[in-house]
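Protein chains: 2
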Amino acid sequence: MDLIPNTPRTTLRRIPQNAVYERSAIDAILDEGLICHVGFVLDNKPVVIPTSFARAKDHLYIHGSAASRMLLTLGSGVDVCVTVTLLDGIVFARSAFNHSMNYRSVVIFGTASVVDDAGEKLEALRLFAEHIVPGRWQELRAPKPLELKATLVLRLPIEEASAKVRTGPPEDDPDDMNAPVWAGVMPLALRKGELIEDSNGIQVPDYLRDDPRF
Amino acid sequence: MDLIPNTPRTTLRRIPQNAVYERSAIDAILDEGLICHVGFVLDNKPVVIPTSFARAKDHLYIHGSAASRMLLTLGSGVDVCVTVTLLDGIVFARSAFNHSMNYRSVVIFGTASVVDDAGEKLEALRLFAEHIVPGRWQELRAPKPLELKATLVLRLPIEEASAKVRTGPPEDDPDDMNAPVWAGVMPLALRKGELIEDSNGIQVPDYLRDDPRF
Numbered sequence: 000m001d002l003i004p005n006t007p008r009t010t011l012r013r014i015p016q017n018a019v020y021e022r023s024a025i026d027a028i029l030d031e032g033l034i035c036h037v038g039f040v041l042d043n044k045p046v047v048i049p050t051s052f053a054r055a056k057d058h059l060y061i062h063g064s065a066a067s068r069m070l071l072t073l074g075s076g077v078d079v080c081v082t083v084t085l086l087d088g089i090v091f092a093r094s095a096f097n098h099s100m101n102y103r104s105v106v107i108f109g110t111a112s113v114v115d116d117a118g119e120k121l122e123a124l125r126l127f128a129e130h131i132v133p134g135r136w137q138e139l140r141a142p143k144p145l146e147l148k149a150t151l152v153l154r155l156p157i158e159e160a161s162a163k164v165r166t167g168p169p170e171d172d173p174d175d176m177n178a179p180v181w182a183g184v185m186p187l188a189l190r191k192g193e194l195i196e197d198s199n200g201i202q203v204p205d206y207l208r209d210d211p212r213f
Numbered sequence: 000m001d002l003i004p005n006t007p008r009t010t011l012r013r014i015p016q017n018a019v020y021e022r023s024a025i026d027a028i029l030d031e032g033l034i035c036h037v038g039f040v041l042d043n044k045p046v047v048i049p050t051s052f053a054r055a056k057d058h059l060y061i062h063g064s065a066a067s068r069m070l071l072t073l074g075s076g077v078d079v080c081v082t083v084t085l086l087d088g089i090v091f092a093r094s095a096f097n098h099s100m101n102y103r104s105v106v107i108f109g110t111a112s113v114v115d116d117a118g119e120k121l122e123a124l125r126l127f128a129e130h131i132v133p134g135r136w137q138e139l140r141a142p143k144p145l146e147l148k149a150t151l152v153l154r155l156p157i158e159e160a161s162a163k164v165r166t167g168p169p170e171d172d173p174d175d176m177n178a179p180v181w182a183g184v185m186p187l188a189l190r191k192g193e194l195i196e197d198s199n200g201i202q203v204p205d206y207l208r209d210d211p212r213f
């Protein structure tokens, strides 16, 4: 089992039995998430911004406009915290105190760096498209030089990271087990609605029609 | 229209047409979200943690264990950034460059304070339960003194805040409009699965069976 070495800030102190340090489990959460929340410090104050991302082996990539304040700040090598959270359900306990959520989350600490290499940058753009939906990239035209120039890609190593996972039923106090209140879990998941076509008569590709994720 | 006064850090510079400063729109996003991402600075480095929350008029409440490192840090009055993001869909454009997400997000900056007043604390706990699902609180027993003691509730004013919203179809370059690739939007939304009962034979309450949100 490939474990990530703990550091003080990736060692979960609250409910440590929910902590997960296996790289495979961390990667699975990252690969399922569509957005991450990027935290950084600006003028000594925290800023948290949602954005899309992709993973390549031991790195997380984020990207955006080369004019983005967030990306320019991060590209300068400041500390960053990237968090990906998947909400899996609401846990209805017999007391307000024991209500909870089922979720899987990953927190990565580190410093990001700008991807300058043209080959790695193009590969990162491919990963973004394939992260959105596998199969997409091969249908799209190649990025234009101006698009590449307008896009900043940052790389964050998945080194100092941990996951936290809660699953299963409510954990109630013994005293509450006979309370006359419904208890259990309402599973939640992202589901897709009817596709809204913008193109004219182009057939919906299999990778969208049969997308097994949603 | 009740607008929140802009500050430098709530003024969106990237794609400013997606910015929203109406309090009603901000409140609607907050009220629909089930989790927020809380950002703060610890040892000069950013930390971003997901947690549940609730809103009361002009305040956001978060809560958790009185032993939580995050809550103790925040309760000491440090700067905090709370972000709530609702993912509404994937935007498939005709080029990789113009792919996007439809989403609604709120970012709140400020400092949190500990809710010491017993009445306000109890009201906040009611709001947490009612935020999870309206109707829940009245079925639950009152919190016990020990539970109240073990729970830390923090209050963050919704003063320095902004929302960002993207809706609608892809925005493609004119050159790409005849590209032979499907374009459009895949709407995404949190949906509930089959309820998993933990209690014995207690009827599913109407507020769960008919929950219109999922």
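Sequence order for the protein chains is A and B.
With numbering that gives the first Met the number 0, letter number 152 in the first sequence gets 151, and the count goes up by one each step, no holes.
With numbering that gives the first Met the number 0, letter number 209 in the second sequence gets 208, and the count goes up by one each step, no holes.
The beta-carbon is built from N, C-alpha and C at its ideal position, and this holds for glycine as well.
Quiz item: What first and last residue would you give for the alpha helix (DSSP H) that runs through M100(B)?
Solution: It is not in any alpha helix (DSSP H) - M100(B) instead sits in the beta strand (DSSP E) that spans S99 to T110.
Quiz item: Closer than 9 Å, CB to CB, is S161(A) near chain B or not?
Solution: no
Quiz item: Can you find a CB in chain B that lies within less than 9 Å of the CB of D209(A)?
Solution: no
Practice problem: Identify each residue in the stretch 185 to 209 of chain A for which the Cβ-Cβ distance to at least one residue of chain B is less than 9 Å, and report them in chain order. | Solution: M185, P186, L187, A188, L189, R190, K191, G192, E193, L194, I195, E196, D197, S198, I201, Q202, V203, P204 and L207
Quiz item: Where does F91(B) fall in DSSP's three states?
Solution: strand
Quiz item: Within the 9 Å Cβ cut-off, does Y102(A) reach chain B?
Solution: yes
Quiz item: Between which two residues does the beta strand (DSSP E) carrying R190(A) extend?
Solution: G183 to K191
Quiz item: Can you give the beta carbon distance from L86(A) to L187(A), rounded, assuming they're within the 8 Å contact cut?
Solution: 6 Å
Quiz item: Does the count of Cβ pairs from the stretch 35 to 53 of chain B and the stretch 68 to 82 of chain B closer than 8 Å reach three?
Solution: yes
Quiz item: Among L155(A), Q16(A) and A27(A), which residue has its Cα nearest to the Cα of G109(A)?
Solution: L155(A)
Quiz item: Going by C-alpha distance, which of A111(B), C35(B) and I89(B) is nearest T82(B)?
Solution: C35(B)
Quiz item: Got a sec: is the Cβ-Cβ distance from C44(A) to anything in chain B below 9 Å?
Solution: Checking the displayed sequence, the identity of residue 44(A) turns out to be Lys instead of Cys. True, the Cβ-Cβ gap to chain B drops below 9 Å.
Self-check item: Run of the alpha helix (DSSP H) containing Y206(A), from where it starts to where it stops
Solution: D205 to R208
Quiz prompt | CB contact flag (L151(B), S67(B), <9 Å) | solution = yes
Exercise. With 9 Å as the threshold, decide whether the Cβ of T6(A) is near any Cβ in chain B.
Key: no
Exercise. Would you mind working out which of D210(B), F213(B) and L147(B) sits nearest D115(B), comparing C-alpha positions?
Key: L147(B)
Quiz item: When Cβ atoms are compared, which residues of the stretch 59 to 73 of chain B fall closer than 9 Å to chain A?
Solution: G63, S64, A66, S67, R68 and M69
Quiz item: Does the distance from the CB of R140(B) to the CB of D175(A) come in under 9 Å?
Solution: yes
Practice problem: Using the Cα positions of I25(B) and Y206(A), report the straight-line distance between them to the nearest angstrom. | Solution: 35 Å
Quiz item: For V47(B), which residues from the same chain have a beta carbon less than 8 Å from its beta carbon, with the 5 sequence-adjacent residues on both sides left out?
Solution: H36, V37 and G38
Quiz item: Would a C-beta distance cut-off of 9 Å place S104(B) and P169(B) closer than the cut-off?
Solution: no
Quiz item: Going by C-alpha distance, which of N101(A), I107(A) and L153(A) is nearest A117(A)?
Solution: L153(A)
Quiz item: What residues from chain A crowd round R12(B), counting only those whose CB sits closer than 7 Å?
Solution: R68
Quiz item: Which value, in whole angstroms, describes the spacing of the CA atoms of R54(A) and H62(B)?
Solution: 32 Å
Quiz item: Taking a cut of 9 Å between CB atoms, which residues from the stretch 114 to 142 of chain B lie near chain A?
Solution: L124, R125, F127, A128, I131, V132, R135, W136, E138, L139, R140, A141 and P142
Quiz item: Looking only at DSSP bridge pairs, what is A162(A) linked to?
Solution: V19(A) and V105(A)
Quiz item: So which residues of chain A does V152(B) contact, with C-beta pairs closer than 8 Å?
Solution: Neighbours of V152(B) on chain A: none; closest Cβ ~12 Å, over 8 Å.
Quiz item: Taking 9 Å as the CB-CB cut-off, is A24(A) touching chain B?
Solution: no
Self-check item: Paired residues, beta bridge with L239(A) - DSSP
Solution: Here chain A covers residues 0 to 213 and nothing more, so residue 239(A) does not appear.
Exercise. Answer yes or no: does any C-beta atom of chain B fall closer than 9 Å to that of V180(A)?
Key: yes
Quiz prompt | Rounded C-alpha distance that separates P223(B) from E193(B) | solution = No answer is possible for residue 223(B): the residues shown for chain B start at 0 and end at 213.
Quiz item: Can you give the Cα-Cα distance for P179(B) and L11(B), rounded to whole angstroms?
Solution: 35 Å
Quiz item: Leaving out five residues before and five after E158(A) in sequence, what residues of the same chain have Cβ atoms less than 7 Å from its Cβ?
Solution: G109
Quiz item: Roughly how far, in whole angstroms, is the beta-carbon of S51(B) from the beta-carbon of F127(B), given that I think they are within contact range, below 8 Å?
Solution: 7 Å
Practice problem: In the DSSP assignment, find the alpha helix (DSSP H) that holds L124(A) and state where it starts and stops. | Solution: A117 to I131
Self-check item: Within chain A, the residues that G76(B) reaches when beta carbons sit closer than 9 Å
Solution: Per Cβ cutoff of 9 Å: no residues; G76(B) is ~13 Å from chain A at best.
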